[in-house]
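One structure below.
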Amino acid sequence: LHDALPISGSDGSDGIKILASIEDHDSDPKWATRNVFGSSGDSSTVLIEGTINLAENDAVNSGVGVMVKNDEISWEPFYVTIEKLGQRTAIISPSELGLRISPSNGNLAPRGGANNACDESRPYSDRWEIKISKTSSNYAKKDYDACLDGSINDLCLVVRTEMDFWIWKISM
Numbered sequence: 001l002h003d004a005l006p007i008s009g010s011d012g013s014d015g016i017k018i019l020a021s022i023e024d025h026d027s028d029p030k031w032a033t034r035n036v037f038g039s040s041g042d043s044s045t046v047l048i049e050g051t052i053n054l055a056e057n058d059a060v061n062s063g064v065g066v067m068v069k070n071d072e073i074s075w076e077p078f079y080v081t082i083e084k085l086g087q088r089t090a091i092i093s094p095s096e097l098g099l100r101i102s103p104s105n106g107n108l109a110p111r112g113g114a115n116n117a118c119d120e121s122r123p124y125s126d127r128w129e130i131k132i133s134k135t136s137s138n139y140a141k142k143d144y145d146a147c148l149d150g151s152i153n154d155l156c157l158v159v160r161t162e163m164d165f166w167i168w169k170i171s172m
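Going by the UniProt record's numbering, the sequence shown opens with residue 1, and the numbers climb by one from there.
Structure, rendered in structure tokens:
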């Protein structure tokens with residue numbers, strides 16, 4: 001979508017001048033898939049928040065949650081992906097791995113939270129729990145390795161906002 005004003009060209013023809021371009025809301029913004037591992041893909045310099053253990057039986061039923069918190073003073077949309085640690089273009093569909101992420105995107109309120117004009121008893125939070133769970137306990141290590149063309153030990157959960165990102169290793 002564009003905001004446009006009609007203009008008259010110097011030759012007397014009518015034209016349109018683009019004032020602003022609005023991102024297509026059907027696609028993710030470019031920063032939602034930006035490289036977080038550096039130009040060399042070296043994961044040794046990236047802060048890993050911790051490890052998500054999906055080897056436990058509870059990972060099928062209730063899943064494992066991680067918390068993200070907005071430190072910015074503005075609303076921050078976030079996007080969640082599963083990636084191979086240290087590889088720039090290795091975003092993997094959770095369903096290919098028999099995993100579910102909830103939510104896979106959303107909005108974090110500004111630092112400190114925000115009032116909800118519609119329901120004051122339910123203010124907007126600057127934190128969000130991201131849950132990752134297995135859709136089945138029947139996935140075997142060989143299934144993961146075949147899907148990943150390598151080791152399941154290199155999987156990580158990445159949560160990005162426009163200004164920040166968080167990374168957790170995934171243990172299967």
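Backbone N, C-alpha and C fix where the C-beta goes; we use that ideal spot for every residue, glycine too.
Distances from the CA of Thr81 to each of Ile92, Glu72, Leu97 were compared; the closest alpha carbon is that of Ile92. DSSP, read as helix, strand or coil, puts Glu120 in coil.
Rounded to the nearest whole angstrom, the CA to CA distance from Asp126 to Val158 is 18 Å.
Taking each of Asn53, Ser171, Glu96, Ser102 in turn and checking the Cα distance to Lys131, the smallest one comes out for Ser102. Of the candidates Ile52, Phe78, Leu47, Ile52 places its Cα closest to the Cα of Leu99. For Arg100, the beta-bridge partners assigned by DSSP are Ser133. Distance from the CA of Ser136 to the CA of Trp168, rounded to the nearest whole angstrom, comes to 21 Å.
Distance from the CA atom of Glu72 to the CA atom of Leu97, rounded to whole angstroms, is 33 Å. In this structure, the alpha-carbon of Ser133 lies about 30 Å from that of Ser121.
Exclusion of the five residues before and after Gly112 leaves Asp126 as the residues of its chain whose Cβ lies within less than 7 Å of its Cβ. The beta carbon of Ala109 lies closer than 7 Å to those of Asn70, Trp75, Tyr124, Ser125, Asp126 in the same chain, with the five residues before and after it left out. With contacts defined by Cβ atoms closer than 7 Å, Val68 and Trp128 form a contacting pair.
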